[in-house]
Each structure stands twice: as structure tokens, then as C-alpha cells.
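Residue numbers (UniProt numbering), protein chains in the order written: chain A, 1 to 344; chain B, 1 to 344; chain C, 1 to 344; chain D, 1 to 344. For reference, the structure is listed below as C-alpha cells.
There are 4 protein chains.
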Amino acid sequence: MDRIRVGIVGGTGYGGMELVRLLLDHPAAEIACLVSRSEAGRRVDAVFPHLRGRIEQTFQGPDDADLAACDLVFFATPNGVAMHQVPGLLASGVRIIDLAADFRLRDPAAWTQWYGEAHACPELLADAIYGLPELDRDAIRSARLVANPGCYPTAVILALLPLLRAGLAGPGALIADAKSGASGAGRGAVVGNLLTELSENFRAYRVAGHRHLPEIRQALDRLAGQARELVFVPHVVPMIRGIHATCYAEVDAGIDLQAVYEDAYAGEPFVDVLAPGEHPETRSVRGANLCRIAVHRPPQTGRVVVLSVIDNLVKGAAGQAVQNMNLMFGLPETSGLTSLPIAP
Amino acid sequence: MDRIRVGIVGGTGYGGMELVRLLLDHPAAEIACLVSRSEAGRRVDAVFPHLRGRIEQTFQGPDDADLAACDLVFFATPNGVAMHQVPGLLASGVRIIDLAADFRLRDPAAWTQWYGEAHACPELLADAIYGLPELDRDAIRSARLVANPGCYPTAVILALLPLLRAGLAGPGALIADAKSGASGAGRGAVVGNLLTELSENFRAYRVAGHRHLPEIRQALDRLAGQARELVFVPHVVPMIRGIHATCYAEVDAGIDLQAVYEDAYAGEPFVDVLAPGEHPETRSVRGANLCRIAVHRPPQTGRVVVLSVIDNLVKGAAGQAVQNMNLMFGLPETSGLTSLPIAP
Amino acid sequence: MDRIRVGIVGGTGYGGMELVRLLLDHPAAEIACLVSRSEAGRRVDAVFPHLRGRIEQTFQGPDDADLAACDLVFFATPNGVAMHQVPGLLASGVRIIDLAADFRLRDPAAWTQWYGEAHACPELLADAIYGLPELDRDAIRSARLVANPGCYPTAVILALLPLLRAGLAGPGALIADAKSGASGAGRGAVVGNLLTELSENFRAYRVAGHRHLPEIRQALDRLAGQARELVFVPHVVPMIRGIHATCYAEVDAGIDLQAVYEDAYAGEPFVDVLAPGEHPETRSVRGANLCRIAVHRPPQTGRVVVLSVIDNLVKGAAGQAVQNMNLMFGLPETSGLTSLPIAP
Amino acid sequence: MDRIRVGIVGGTGYGGMELVRLLLDHPAAEIACLVSRSEAGRRVDAVFPHLRGRIEQTFQGPDDADLAACDLVFFATPNGVAMHQVPGLLASGVRIIDLAADFRLRDPAAWTQWYGEAHACPELLADAIYGLPELDRDAIRSARLVANPGCYPTAVILALLPLLRAGLAGPGALIADAKSGASGAGRGAVVGNLLTELSENFRAYRVAGHRHLPEIRQALDRLAGQARELVFVPHVVPMIRGIHATCYAEVDAGIDLQAVYEDAYAGEPFVDVLAPGEHPETRSVRGANLCRIAVHRPPQTGRVVVLSVIDNLVKGAAGQAVQNMNLMFGLPETSGLTSLPIAP
């Protein structure tokens, strides 16, 4: 089979960098063009010296790249960019995976509320498939347009999916206390993300409402079949990669939740349910397209505590995007995604 | 006034180190003796080079130090050590502040359950005062034996105190999702605490039951006037100092919680309630005897989220111990505790 | 005595923040005004939440502050700002300590070469005193204008001063291999200084010529009484605070260098020569106005290796500035500079 | 071709962990047995949770493993262990790669001096090949016993090899100022290697003589054809992986060193000479079997500064061991070693 010709728009953020890393080792895809407005004309390995010797290409400006000649275009751009280019590319027959938020919310009013502008192509929202394979694998296979999930939503939804799908969560609020490494905030020049500001420091942020909240709620409500009360509190951890979600829900005492989770994820190549009593650590998935989950029931409480970890740049972004590509093009789902986590 | 003559037993852990730092700058106390079994005979500044030029003393072995001649002895020893020495010292008229857990739980059976051995002097438990000044200031003033609170309990109890004291927490479980820097685990030689194991990593631990759980529950139940369901999940953050507690409770919609918190802590020298919408960060209290708290009510939920931060070695250990000493000896409560946090 | 009324221009960088921290605890100085172009009108503790409860002031714009009414003005501005304001303030009788580079090089041509523009007041360069007390204490006492040394120069000059003053360095090149924490690069929004770029990473930079090179060379040549060949290589360490200089020089075998260093720094309140065989660590000076030095002679070589550590924001910037203020105003040299290093 | 059956002795240190990671993805090798005295009987993925789902094996005790049935045995044991087992295995026809120091020094007296005991099989030292392919590729191909180089020696020797081989280094001392991440110190439970001790800290160590000094000197003297004065100063960086060597030598002004280095390493698959003026960073090789080098000539000096970076666990240990295995077994030298560095 010919290699899939892929384009990457927004190749200089961390999501784009990670896509390049994964695709350079992918057995069935080739990077046809890399688009960056800010770095157009520079060699990719001048911007990213860790790629020296592995890539000869040059970043192209948005008007120079022949994206329409690609089989698939990944958007790793800031929110609100892809929606302006996607309709034209779809019309050219190109399939799309958007790593940003442009196509994640089905309700255009919600998009406006959380992203502060009208959606440029609301008519496409109903066609976009939310690209969480464990939730909607078959729809992804035939999708033209995949909305790749956010990093927090991936960790939280995978933590709660078996519980909600089985209708086992009690009526109280679902709580998702989530912690992310700094790469989740992107590669922008922001004082608050300097090493001197983040290192030896820990804090919550956006408790009043993070943009991933409506995305998580949309997925959980769909799984639950009803609107659920959800509290989502993100925090930033002084490390580069990794998300840890600690999720709380009411449950009845008698249910064997370990079995529920193991059954729900049996056969899933990228979700690992740990043995009872274990605690996943973010480094156990560093660099790999994996989510590891542990299910705890603290004694003397009526709660379940579900712990889940992902690498926010892999299963939370670029790795999941490649997984979606594999599904869309009929490849083995694990193609190019088998490298081992790096520890220590 | 003569300076208070203090002894420190267990001067080589992080709690002991921090006590030495604070007491060397204290205007009304002097370190009469420093006891360390492992470092007996070595100069303190050979073990802790950051103290060179500021201390001439030598660690003494447990049998060599004249602790009975001290006005006050701090125990910064591992759990289960102080309880063997405290009765004799009390009999000699020495007052005691124990930074370990030996006198924190009022129920000797709970001590046995959580610490794996019988308590050596259960008859003293009823006399020991739990040394959280914001909870029990007057009792501390006259105490002979103060049980200095644990680091997690300090952060969690201060976060929930105004809510519970005012009877404003709804019936659902209280959830304390807490995150600690690595110094909370002490200075023992443990593989799991190596930089290579903790750095670029995040994980929960002891979800099934951490030793601080019964301590927190004892205080919260006392504040609430009834037994409360409590879920406590600790996590380790790749940094040295700092605890961040994220606490969740049910509350009615109409209550002005900001005012409740500001009123509860008005006049408290070491608790700072942030303005609405702010998020405390651990570095804002690094090195200082402070707890900063923010109160959030996420939209569309019936929950309050209380965020609190402390430096686990200061307000969570040695600083609070000095605060207790100040109260016990009739000094201004802030004596020796006014140095500013260090940021960045 | 009345308190010294000080102004700080450029209060929002790390040097300015650290000045505020030190001056708030200084027994004989008070901050009369804080100038920040970017934060004018905001409360200081809104910008720096770690100062909440300790400062009531608001940043003023450059035109609003009455700097001329101060006894002393600190400039903690980017290079090239102070030189435009200093002549006027001096004319008003205000004394100046500039933490930037504007008055460090005596040769205006060198300033132009390294800073890329003509000097605004070259006539003042001859009057400016290089504010390294261990080098030039008496001149500082009577100075109107003090050029506070750079962070690398402080660490390197103190490491080599005894050797060069005693004429003990052989003819080969002096090598200064220096390592700095990230706060040395300032608080600017620069991609290269993000936690995600600096953490888990180490690199040299500006090997072809760092702006501190001519400053170091000027001081070393003056000490040596001749031009010396100097290689200076800076590196960035994934930490916030601290500089470690590893300096190499040729020396004759027979000299007791330990005695030379101990004699040279006997009586210096802020320089500590470690015992033979020891290695200073940056955390042993964190937050404190100290330089610790160790002298090594590796076997089978004709070289000395001098290791020196400082906190770049304290002895390498704000602390040294306060030390200079103390000298200029006849205060005890250690006033406000006695707080202990913070470890861990 | 049948897969190479390899055994790993000492699988629970960082070198062993990294060998497992690389060999699990190697196309022509299989792990036949994993030996650990401390973890015998435990599943590998219970000790290393990041390997869950990828390895089914159990650690064997030293007496239970059939190492003699392997084609190749890697020793990733502490120094002084392999030398007791190697003679027997060689007699059984097994080939050996020792990642420890047992066979690196050709002079048994030097081994005794630096490692504090007599060598157990000094007669093998002359046969052992020093496994730095860039130095001695052909000898490695036919070796029975390969002494895998130390991490610092790999970085320093590759930095100076072209200079010394071409006879271009002047007579002055060679200086190697080297900086290592904490994984270089191993996975032992040592207080000094706790996160709380190493993080936010930087220091030199063993300036009087590190065990890698004789190893480096042996290789450099061989390249130079004469004994060279060498100063080697190691430092520990608060990060997990990576070594940065900053090397200094005298050179004549007229030589085009960039060309010398590019020529010397032309065709080397794992050494990358950067463009003039660039500075390698350790993260550019993280997780990959690469050494990146830059050559600088600071203006107004007669010195060259060579900067080299490796991942100490890959090109400085396990990756180089696999590279040696590939050479010994006639495989493509890059087999199993093509995964990309991970950044950020």
C-alpha cells in the first residue's frame, strides 16, 4: 500500500512536535508537508534540534503548502484556526483530524460561550466525530472529520466511562480533580509558564470554568444518558509531561468495580487497568499512547476513587491523533504506537 | 526575660532542620541541645552545610543530652519514639511539643490500628492538646504537652474549619484531594523518594488509608459535632516543599462563603483568605508560616471548592511548632515567624 | 536614625522582587516608592501574591514617582534604562545603586560593543564604583553611584580574587565554567525559558561571548595587574536559583592555597571558605547573601580548581545591593542580611 | 536468522531497565532471562510498572538462570560483580558485555587502586575490548568480552577524540568539566540522591578523583600517543537523564576545527557534529543513542571549547551496549536504536 500522505498545520507547538516524532517512525504514513506561519522557510531541524538527522524538510507558509494533495491533514493549531480551513479541505476530499477544540462541542452556542467568537462552520459540527476510540471506534473509522479530544477530557472520560456506561454512578456530583504537566499549556511565551514561575510550585487554575469542562460534560452526559453534575478542577504540576486525574463518584457498596473496569477495557490496546490496590504514576506512560487506570474504594465511604494517567502529548494529543488516523485508514490500530514508555 | 531553653530531639530530619533554622533566628529562644542518634558527635554544620557560620553546636546522643534541664523539648523524631521519652520529661517539668504523631489521636486503639503497636503512655492522650492554634488557641497556652498537627491535616482542617464550624457543609462526603512536595516523606533513604523516581512524575498513594486520615477525621468530626464521611487522597508532587489541598463539600446556594471565611480568619496572623476568584500557589508561602485559602463555587454545581496551601515544613511542621511555643510561653504569637516567603 | 528612603525602579523583575523581600525586613530602610512601567497602578501584592499582608503599596509609573525625594534609588531595570535617569537623580543628590550593567564597564567603547548602543552618560563611568565589597569596600562607602556586579562576575571574581591578588596564577588561560539557575535569565516572556524547555535539560550558551565576559575580565585584569587570557562558558541549570562557578588556573605545586583563601577572606561576613576536600552546593546559600568557596588541587595536575556558589538573586544581585547600601549609609554591613539559607 | 538469546544480570538498576526497554523493541534479540538477586521471583512488570503489557517474565535468582544457554550476557551489576561470573560464562562460549567497570581498565593495579580490591580475573583484562565503537569498531566485532564505557568517559572521549587523534591539542592540561543527571548515580537508596536533596541544587563532587578519571585518561593517552595532563570535574544536575561535557584544550589559531570534527565523524551513525555557533542540549538526545557535539573557539583565546551531550542511560550505557551487541553479532549497527529523542 502507498503511504498515507499527511500534512501537519501548526507544527511548532508541542502537539505538532509530538506528531512529527510519532509520524517519522510510522510504518504507513509520510509527512508530505509541515505548515507553520511563524517558522515558514526554516528547516524543521533548525527549530527542533532533537530531530537533526531524521528530517530534511522545511516549514512552509500557510499559502505555500499543497494541503489539498494530502490524504489527511492534522491541525495542531491554536483554537479557532482550523475551522476556517477545514471546509475547503473537506471539499477537496482531504480527511481531517483537528487536535484543537474547534470541532469538539456539538453545540455552536457552547463554542461561542467558551471560545469567545462565533463558529466559522457550525454546519460541520454534527458531522465531526469525537475521536476517543474507546468511546466511538466505529464512527471514527468512517469519519471525514475527527475532533481529537482534549488532554484532560481523555483522562477524565476514560476514568469514568465504565462507571457511567454501566449506570453505576450514584446521584451525587462527579468530581474530577485533575493535574497536568506544563506542556499542556503549550509553547507560547507566557510569563506564568516560565520555569522560574512553575518549578517548586503547585496551584489550581480556572476553577470557575476551564474550556475542557463543557467537553467533558458533553461526553459524560452522553455516557450517562442524562445531565450530570460535574465539578472539574485543573492544577498544574511542575513537570513537563503527564496528566493524572483523580475522579470521585458515589457508588453502591456491593458492586465489583474492578471487574467492571477490567471488562470494559478488555481488548483495548491502549488502556491498562491496574491490579487492585495499585496507583498509576504518570511516568509509567511517558512518551507512550497509554492510559493506566486504578479503581479504589476507600474504606468507610460510599465513594469510588478512580485514578487515571496519560501522557498529555501522546494519548492526550498526538498519539491519540495517530490512533485515529490508523482507524480512519484501515491500518492496525497500534501502527506506529508501540514504543515503550521511558522511565526513569 | 531569659531566653527559653529548648531541646530538639531528632534534629537531622527535615522537620528538625527547619526547627533549627527558625529557632536560630528566634528572638526569645535558644537551642540548648540537639539530639541525634545517627549523627551524635558530629558538628551540626558538618551535617547541614547551609548552617555554617551560624551554629557551633554538636549533635548529642540520646543519653548524653540534658533534656531535663530544658524549658521545652521538641520531638522531631519518627512516629513512636517520643511516647517513650515524654512521660519522664513531663515529670521533670519540661514542656513538650511533639512534631510526630504520637499524641495526635485521642483514642489509643486508633493509634494501635494505624501505627501498628500499642501506645506507650495512653494515659497522656487525654491531656495532650492538638496544636492547631486556629482551632484551640487557649488550650495551647496552658498545655504541657502539645501534639503538633500533621502537614496534610493542617492544610485540610484550615480549609474546612469555617464551613464545619458554621454548620454549612451539606450531608455528602467531604473530599480532600491533597498534594504534597517530597519533603513530606522525610529524609529517609528510600528508593521511591530518589529524584530519579519522583521527578517528572506524579502519583497518588495510600488511597486505601493514609495515617493522616484518622487525624483529619478526628478534627473535622469535632468541628462538625458529628461523624462525617471523609475521602482523603494524598498525592506526591515533584517539588521539595509545599502542600496544596483541594477540598470539596456540598453547600447551599445562597450562602456568602467568602464572608464566612474572611470572618472566621479575621485577626488570624497566619491565615490569609484570598480575594474571590484567586488561586493560591504553594510558592506564595514557601519558607513562611502561612496558610493561604481561596473559596470557589463552580457554576452549575452545588459544591464549594476550597483551595489551601501551606509550606509543609513550616505551617505544616516546624513553624507551627514555634507558633505553639510562642503561645505556651506567653510570647507574641508571631515571634520568630515573620520572615517573608521566598519567591521565585 | 531616620530610615533610609529608598526607591526601586523596575520592581517587577526577579532582582526587584528580591530587593522588595530584603528591604521589607531591613531594620533601617523603607521603600518609599516602587516604579514599574508595565504594572503602574496595580498593588504590589496583586502582582506578587507571596507579599500579601506585608506591603500596602502600589506600583507607580516612571513619571509619577518622586524618586528625587529618595535617599537612594535602586535600578533593577533592563540594561540601558538606568543610564538615562541616573544623571538627573545624581544632580538631585540621590545616591544610586544600579543592578543592571549600565555602569559596570569603565570603557564606553566596550559598552557599545557588548550592549549595541552608545552610552548615554559616559562621563559618569569613571565615577561609578564597582560594587563588590570584597574588592573595593572603602570606595563603596563614599560612592554616589554604585554599579552592582553581575551574578556570574560575583561568583567568578570571588573564586579567583585571592589567587590573582597574590599573584599565584600561572600564565595559562583562566577558565571559568559557570552554571546558573534560570532566574538569571530574568522574568521575560521567552519561549526558551519555559519550564517545558529548560526542565530535564542542560546546555551551554553564548560560548562565543556573554556580556558578563568583559565585566569579569575587567576585574580579573585589575586584580592581576595585567591582561589575562580568560575563557568563560555559561550554562543553564534546570533550577530557579543558584550559580556554581568551577574555575581552573595553573598554580605551582608548593603553595598552600587553602591558607591563601582563608586568609584572604578572614573577616569577610559573606564569604565562607570550606574545609579542604569539601564541595559547596548551591542550596547551601539559597535565599542568603553568601558565597561559599572550596579550593581543590586534583592529584597529578598542576591546576587548582576553585568552586564557588552564590544565590544569583541575593549575593549575585539584590543582597549585594543591600550590602552596598549598608556600606554607603554607614550601617552595619550585615543589616537586613542575616536570614538563614533555606534547605531543603 | 534466529534471534540472539540474551541474558541480563542486574536488571533492576537504571542501566538494566534501559536495556530491557531497548531490547523489547529490538528486531533481532530476545531476552532469555533476567537476573536480580533482590527481586528474584517477582514479575518484571511488578517492579517496573511502565512495562506492563509488554513483558511476561519474572526475575530469576543468580543460581536459577541458565545464563550459559544464552548467546550473550549483559552485566548491569554494581562494579566488582561481573568479574566473578565472566570467566565461567566465557568458558561456556557465552559472549559478554559488561556495563560496569570491571573490564575497562587494562592495568589490574589501577583497578585495585580505584575500586579497592584485587581484580578477580586480571588475565582477562588484556582480552577485553573497550566498547566505544567510534574508537575501536573492528575489535568490537570479534570480541568475546566487551567493557562497555562509562557515561562520563563516553561524553568526554567523543568530545576530544578528533582533536587528539589528529594531534591538534596543545601541551596544556586537558580539562573536562562534566555535568550529569541524577540517574548516573544509580538506583540505590542513598539520602544524597533524594529529590529533596538534589532538586533546586547544583554541586561538583569527587574533584579529588572520580573513578571515571583513569578510564578517560587511558583512552585519551592512547589517542594522543602519550600521557596527557587531565583535569576531570564531575557535577550533578537536578534532572534525571543527560550528560553535558564541556572540554577545554589549547589549540593553534589556524586550524579549521569544524572540518576536523565533521571529517572525523562523517559516517558515524550516532555522532552528530552541530553547525558552527550552535550549542547542544541534553534533551536533544533524551532516550536516544546519540552524541551531539559542537566546537567553539572563544574569541581572544587560544582555546577550543568542545561541548558534547549524551543520554547517560543510552549512549552512555544501555544504548551503547546494544550498539556493541549489533557489531558483535553482525547486525546493522543501528538495529533497535532508531527511536527518536523525546522532547520536550
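Cβ coordinates follow ideal geometry from the N, Cα and C atoms, glycine included. Please read all numbers here as calculations on a predicted model, not as lab measurements.
Our contact map puts residue i next to residue j with C-beta atoms below 8 Å; I'd like the distance itself, whole angstroms only.
| i | j | result |
| --- | --- | --- |
| D136(B) | Y130(B) | 6 Å |
| A176(C) | V156(C) | 5 Å |
| A159(C) | I293(C) | 6 Å |
| Y115(C) | N79(C) | 6 Å |
| V233(D) | T246(C) | 6 Å |
| G150(A) | A76(A) | Between A76(A) and G150(A) the Cβ distance is about 13 Å, and since that is not below 8 Å, they are no contact. |
| C33(C) | M83(C) | In fact, because the Cβ distance is near 20 Å, the residues do not count as touching under 8 Å. |
| Y205(A) | V236(A) | 6 Å |
So, does the CB of residue i fall closer than 8 Å to a CB anywhere in chain D?
| i | result |
| --- | --- |
| V191(B) | yes |
| E200(B) | yes |
| S284(A) | yes |
If we call anything under 8 Å between Cβ atoms a contact, is residue i one with residue j?
| i | j | result |
| --- | --- | --- |
| E18(A) | V314(A) | yes |
| R52(A) | D272(D) | yes |
| L168(A) | V94(A) | no |
| S183(C) | P238(C) | no |
| P27(C) | S335(C) | yes |
| A219(A) | L163(A) | no |
| G242(B) | V295(B) | no |
| A29(D) | V44(D) | no |
| A100(D) | V81(D) | yes |
| E117(B) | P344(A) | no |
| E229(D) | A173(D) | yes |
| R54(A) | L24(A) | yes |
Is there a C-beta anywhere in chain A that falls below 8 Å from the one on residue i?
| i | result |
| --- | --- |
| S38(C) | no |
| P234(B) | no |
| I8(C) | no |
| I310(D) | no |
| A182(C) | yes |
| G287(D) | yes |
Would you say residue i reaches chain C, if we count a Cβ-Cβ gap shorter than 8 Å as a contact?
| i | result |
| --- | --- |
| H50(B) | yes |
| A76(B) | no |
| P341(B) | yes |
| Y152(A) | no |
| P238(A) | yes |
Counting only C-beta atoms, is residue i closer than 8 Å to chain B at any point?
| i | result |
| --- | --- |
| Y205(D) | no |
| G53(C) | yes |
| A173(A) | yes |
| L195(D) | yes |
Which residues does DSSP list as the beta-bridge partners of residue i?
| i | result |
| --- | --- |
| V9(B) | V35(B) and F75(B) |
| T246(B) | D177(B) and L307(B) |
| E30(C) | R5(C) |
| D272(A) | R292(A) |
| V146(B) | I97(B) and I129(B) |
| residue 354(C) | Given a span of 1 to 344 for chain C in the structure shown, any question on residue 354(C) remains unanswerable. |
| V231(D) | I175(D) |
| L194(A) | L194(C) |
Report whether the distance from the Cβ of residue i to the nearest heavy atom of the ligand PLP is below 7 Å.
| i | result |
| --- | --- |
| I97(A) | The model depicted lacks the ligand PLP and carries no ligand whatsoever. |
**OP:** Say whether the stretch 72–86 of chain C touches the stretch 321–336 of chain C, bearing in mind that this needs 3 or more beta-carbon pairs closer than 8 Å, one atom from each stretch.
**Re:** At 8 Å Cβ cutoff, the stretches touch.
Original post:
Is the stretch 101–108 of chain D touching the stretch 277–286 of chain D, taking contact as three or more C-beta pairs under 8 Å?
Top reply: No: fewer than three Cβ pairs fall under 8 Å.
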